[in-house]
Amino acid sequence: MREKERLLEDSIQNLRKAAECQRTVRKWVQTYVRPGRKLIDICNKLEDLNRYLVNENGLRAGIAFPTGCSVNNIAAHFSPNPGDDDLVLGYDDVLKIDFGTHVEGRIIDTAFTVAFNPVYDNLLLAVKDATNTGIREVKKNIHNIH
């Protein structure tokens, strides 16, 4: 039983480390993303900071998957390749960023949407409301999860 509790505590600590890294990277990248930036540069800077903060160490800690940097009608999972220098974020674009951090195989995944043109403000509010609704429902029903 003690071993089971120790393993659970280790998992929780690994998740906390990955989550703190995610929080810091997300906060920073939201200040870095702006029209005129190349998508590849956004992803590279994000991943470099992610690796640094999690203290990348082979399979023990690092990025969990390539950063998704999807624009407009691409809903998710697009990642620019090295050399994609012509993919530049524009003022009228809607950008979805999805990135992951892992520590000892425990993954924390974050996704968020960015837009600069106020015409998309209602879309951003709807996305935020949907996310908050999902979180609220999980919290209400967490006692049923085993």
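Counting from 72, one number per residue, gives the positions in the sequence shown under my numbering.
Ideal Cβ positions, reconstructed from N, Cα and C, are used throughout, including at glycine.
Keep in mind the model is a prediction, meaning the values are calculated, not measured.
Do we get a CB-CB distance below 8 Å when we pair Gly176 with the residues of chain D?
Protein chain content of the structure displayed is limited to a single chain, and chain D is not contained in it.
Would Leu79 be called buried (16 or more neighbouring beta carbons within 10 Å of its own) or exposed?
One-based indexing of the sequence shown puts residue 79 at position 8. It counts as exposed.
Segments of 3+ residues assigned as beta strand (DSSP E) that fall wholly inside the stretch 151-180
Segments of the beta strand (DSSP E) lying fully in the stretch 151-180: 165-174.
Run the proximity test for Lys167: is its beta-carbon closer than 7 Å to any non-hydrogen atom belonging to the ligand ATP?
As presented, the structure is devoid of all ligands, the ligand ATP included, so that no description of it is given.
For His173, count the other beta carbons within 10 Å of its own beta carbon; 16 or more makes it buried, fewer makes it exposed. Which is it?
Looking up residue 173 in the sequence shown gives position 102. Around the beta-carbon of His173, 16 or more other beta-carbon atoms lie within 10 Å, marking it buried.
With C-beta atoms as the reference, is Val159 less than 8 Å away from Lys109?
Translated into the one-based positions of the sequence shown, residue 159 becomes position 88. Translated into the one-based positions of the sequence shown, residue 109 becomes position 38. Between Val159 and Lys109, the C-beta gap is smaller than 8 Å, which places the two residues in contact.
Whole-angstrom Cβ separation of Ile83 and Asp155, contact assumed at under 8 Å?
Residue 83 sits at position 12 when you count from the first residue of the sequence shown. Residue 155 sits at position 84 when you count from the first residue of the sequence shown. With a contact defined as Cβ atoms closer than 8 Å, Ile83 and Asp155 miss out at about 38 Å.
Using only CA atoms, which one of Thr181, Asn188 and Glu74 lies nearest to Thr95?
Your numbering for residue 95 matches position 24 in the sequence shown. Answer by Cα proximity: Thr181.
Using the Cβ count rule (16 or more neighbours within 10 Å means buried), how would you classify Gly139?
Counting from one through the sequence shown, the residue named residue 139 turns up at place 68. Its Cβ being crowded by 16 or more others within 10 Å, Gly139 is buried.
Taking the alpha carbon of Thr89 as the point to measure from, which residue in Ile134, Tyr162 and Asn143 has its own alpha carbon closest?
Within the sequence shown, numbered from 1, the residue matching residue 89 stands at position 18. Before going on, a small fix: residue 89 reads as Ala here, not Thr. Here the closest residue by C-alpha is Ile134.
Per DSSP, the bridge partner or partners of Thr184
Walking along the sequence shown from the start, residue 184 turns up at place 113. Per DSSP, the beta-bridge partners of Thr184 are Lys167.
From Ile178 to Tyr103, what does the alpha carbon distance come to, in whole angstroms?
For the purposes of this step, residue 178 is taken as the residue at position 107 of the sequence shown. For the purposes of this step, residue 103 is taken as the residue at position 32 of the sequence shown. Roughly 24 Å separates the two Cα atoms.
Specify whether the stretch 193-211 and the stretch 115-127 touch according to this definition: at least 3 beta carbon pairs, one from each stretch, less than 8 Å apart.
Per the Cβ contact rule, the stretch 193-211 is not in contact with the stretch 115-127 (fewer than 3 Cβ pairs under 8 Å).
Using only the alpha-carbon positions, how far apart do Leu130 and Gly176 sit?
Along the sequence shown, read from residue 1 onward, the residue named residue 130 stands at position 59. Along the sequence shown, read from residue 1 onward, the residue named residue 176 stands at position 105. Going by C-alpha positions, Leu130 is about 8 Å away from Gly176.
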